[in-house]
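Reminder that position 5 of the sequence shown reads as 1383 in my numbering, one-by-one numbering, no gaps.
Notes to accompany the following structure.
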Amino acid sequence: MLVSIGEKMEERYQKALELICKLEEEVKIAKENLLSGVSPYISLQFVELLAQEAKREWHIQKGKA
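See below:
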């Protein structure tokens, strides 16, 4: 039982890290788009959705800790 709980926590942690990496990449793309004159609106919407997902994962993980 403890192993499966630990594995589940590790999976959630990995998912949160993946979301953070995606956020960082999308922010970089949005900045590049802004500097090149392309509207970053779509990228920023995606960043917002990723941030919401990361926040949800964080709260789930925090509740299990």
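Quick reminder that beta carbons are idealized off the backbone N, C-alpha and C, glycines included.
For the pair Gly1384 and Ser1417, the Cα-to-Cα distance works out to about 43 Å. Restricted to the region 1388-1441, not a single alpha helix (DSSP H) segment is unbroken, complete and at least 4 residues in length.
As the crow flies, the alpha-carbon of Gly1441 is around 25 Å from that of Glu1402.
Closest option to Lys1409, judged by alpha-carbon separation, among Val1425, Glu1388, Arg1434 and Ala1432: Val1425.
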